[in-house]
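J.: The structure follows.
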Ligand SMILES: [Zn+2]
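Numbering (the numbering used here), first residue to last: 6 to 409.
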């Protein structure tokens, strides 16, 4: 990788920055305020001091040896110091000049901030080269209407026996499928991949939910490929919640085979590197999906960043919490808790949505549990119990006339 970066430095592929005169400073404008940031040209190309950008923007930097990792909204961009390029998600992107350290301060090329960041976070940022103004957009959060069209269960029906006062519908999503195997399943039986385990658990979850009087729509019932956006779009008006089933894995070369356990995610900015890693892995399927209107450079658009205050997010968090509690209780691995990450499959859902990582295929104990009928059944029952518990809490709030 180093050799490649250096080769690009020599080639010196210029960006279109040269079309505009280099400003002596730029204005960073956000909803939290605005700031004038001086442009340094001490190394021959325009650059900005990271500590100044960090005052208003989600930028951090960490120097390690010859490299500096500059993160924007938790997305890491790796710069080889002095090389006119950066590496993002394994791709080398050439620049007119690189990142450098001067007077104990990390400087990042102006071009990275003004050309690349607006391309990557197209909904979130834009740069006006004439005004020398880098602006954060004010975003319209997705507003999810609560379901209002409930009907009461028929007397004697499964829903009535379960104690439901309304009829509910859940979309169950068996992760991956068809030409998208998901993780290949290091310790799963031979020729069994994540997609097979997710379907087995999802089918049992369908049965368990129906036994409890909840109607279920499956995103797939066979080993077929369904687009991520299409899966989530199945949970709209008549749907109460969206549950996506997955199996986690770690790179076997990293020696993390002792990592095991059950974890539930709901959609948000990835809060930790681990959450971002899992989201990046589960979003891999997008690479195969030519039909999805997502910019290749923009796998993690900023559309959802204002959802913190959204009711929908709070409901997703509550759903994640109860499912995590019941799932972890039957799991042989660790209770890995609830996390937030930007899963593409959750983005199109307009109802509370969660993604369950049922265990690690790279751990022998988890893999044995996940590939056994007993393990799959325990997980399906536990997830169904969690969903039912959430739906009953939701009903109680609706019945009390409180916004759920
Ligand atoms: Zn998966």
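Think of the CB as a built atom: it goes at the ideal place given N, C-alpha and C, for glycine as much as any other residue. Keep in mind the model is a prediction, meaning the values are calculated, not measured.
For the structure I just gave you, are there three or more beta carbon pairs, one from the stretch 229-242 and one from the stretch 393-404, closer than 8 Å?
T.: Taking 8 Å as the limit for Cβ pairs, the verdict is that the stretch 393-404 does not touch the stretch 229-242.
J.: Give me the residue from 386, 378, 371 with the minimum Cα distance to residue 190.
T.: Checked all of 386, 378, 371; the closest Cα to residue 190 is 371.
J.: Taking the alpha-carbon positions, what's the residue 91 to residue 101 distance?
T.: Roughly 11 Å separates the two Cα atoms.
J.: Does residue 65 come within less than 8 Å of chain D when only Cβ atoms are used?
T.: Note that chain D does not occur in the displayed structure, where there is just one protein chain.
J.: Say yes only if the C-beta of residue 199 is nearer than 7 Å to one or more non-hydrogen atoms of ligand 1, and no if none qualify.
T.: Yes; taking the cut-off as 7 Å, the Cβ of residue 199 has a heavy atom of ligand 1 nearer than that.
J.: Taking 7 Å as the line, does the beta carbon of residue 268 fall inside it for any heavy atom of ligand 1?
T.: Checking the Cβ of residue 268 against ligand 1 gives no.
J.: Whole angstroms is fine: what's the gap from residue 76's alpha carbon to residue 113's?
T.: Each residue's alpha carbon lies about 11 Å from the other.
J.: On the DSSP letters alone, give me the boundaries of the beta strand (DSSP E) that residue 67 sits inside.
T.: From DSSP, the beta strand (DSSP E) with residue 67 extends over 64-69.
J.: I believe residue 176 touches residue 240 by the beta-carbon criterion, under 8 Å. Please report the beta-carbon distance rounded to the nearest angstrom.
T.: Confirmed, Cβ separation roughly 4 Å.
J.: Go ahead and label residue 217 buried or exposed: buried means 16 or more other beta carbons lie within 10 angstroms of its beta carbon, across all protein chains shown.
T.: Counting Cβ neighbours within 10 Å, residue 217 comes out buried, since at least 16 surround it.
J.: What residue range is occupied by the uninterrupted beta strand (DSSP E) comprising residue 252?
T.: Note, residue 252: beta strand (DSSP E), 246-253.
J.: With a threshold of 7 Å (Cβ to nearest heavy atom), would residue 180 be considered close to ligand 1?
T.: Result yes, Cβ under 7 Å from ligand 1.
J.: Taking three-plus beta-carbon pairs below 8 Å as touching, is the stretch 202-212 in contact with the stretch 159-174?
T.: No, because fewer than three Cβ pairs between the stretch 202-212 and the stretch 159-174 fall closer than 8 Å, the two stretches do not touch.
J.: Would residue 332 be called buried (16 or more neighbouring beta carbons within 10 Å of its own) or exposed?
T.: With 16 or more Cβ atoms within 10 Å of its Cβ, residue 332 is classed as buried.
J.: Quick check: does the Cβ of residue 190 come within less than 7 Å of any heavy atom belonging to ligand 1?
T.: Residue 190 Cβ: outside cutoff for every heavy atom of ligand 1.
J.: Whose C-alpha, out of 60, 86, 205, 56, is nearest the C-alpha of residue 70?
T.: The candidate whose alpha carbon is nearest that of residue 70 is 86.
J.: Is DSSP giving residue 312 helix, strand or coil here?
T.: Here residue 312 scores only 34 on pLDDT, less than 50, and its place in the model should not be relied on; the value that follows carries that caveat. Three-state DSSP puts residue 312 in a helix.
J.: In this structure, what does DSSP give as the bridge partners for residue 390?
T.: In DSSP, residue 390 forms no bridge with anything.
J.: Note down the Cα distance separating residue 38 from residue 319, rounded to an integer number of angstroms.
T.: Going by the C-alpha atoms only, they are around 27 Å apart.
J.: Whole angstroms are fine: how far does the CA of residue 340 sit from the CA of residue 401?
T.: About 28 Å.
J.: Looking only at its chain, what residues have a beta carbon closer than 7 Å to the beta carbon of residue 206, apart from the 5 residues adjacent to it on each side?
T.: Only 250, 363, 381, 384, 385 meet the Cβ criterion.
J.: Rounding to the nearest angstrom, what Cα-Cα distance links residue 93 and residue 219 in this structure?
T.: Those two C-alpha atoms are separated by around 44 Å.
J.: Between the Cα of residue 60 and the Cα atoms of 34, 46, 335, which residue gives the shortest distance?
T.: Answer by Cα proximity: 34.
J.: Between which residues of its own chain and residue 78 is the CB-CB distance below 6 Å, once the five residues before and five after are set aside?
T.: 63, listed in sequence order.
J.: Looking at the unbroken alpha helix (DSSP H) that takes in residue 103, where does it start and where does it end?
T.: Where residue 103 is concerned, there is no enclosing alpha helix (DSSP H), given that its DSSP letter is neither H nor E.
J.: Is it right to say residue 157 is buried, meaning 16 or more other beta carbons lie within 10 angstroms of its own, or is it exposed?
T.: It counts as exposed.
J.: Under 8 Å by Cβ, that's how I've got residue 359 and residue 269 pegged, so tell me the actual separation to the nearest angstrom.
T.: Confirmed, about 6 Å.
J.: Check each candidate in 378, 81, 72 and name the one with the smallest Cα separation from residue 65.
T.: Of the candidates 378, 81, 72, the one whose C-alpha sits nearest the C-alpha of residue 65 is 81.
J.: CB residue 267 to CB residue 336, shorter than 8 Å?
T.: Cβ distance < 8 Å, so residue 267 and residue 336 count as in contact.
J.: Could you say which of 289, 32, 374 lies nearest to residue 133 if we only look at CA atoms?
T.: The residue with the shortest Cα to Cα distance from residue 133 is 32.
J.: Since residue 365 contacts residue 248 with CB under 8 Å, what's their CB separation in whole angstroms?
T.: No, residue 365 and residue 248 are not in contact; Cβ-Cβ is about 19 Å, not under 8 Å.
J.: Can you find the residues in the same chain that come closer than 7 Å, C-beta to C-beta, to residue 390, ignoring five residues on each side of it along the sequence?
T.: Hits under 7 Å: 331.
J.: Taking DSSP as the reference, what is the three-state secondary structure of residue 374?
T.: Helix.
J.: Can you name the residues that DSSP bridges to residue 220?
T.: Partner(s): 174.
J.: Between the alpha carbons of residue 328 and residue 221, how many angstroms are there, rounded?
T.: So the alpha carbons of these two residues sit roughly 17 Å apart.
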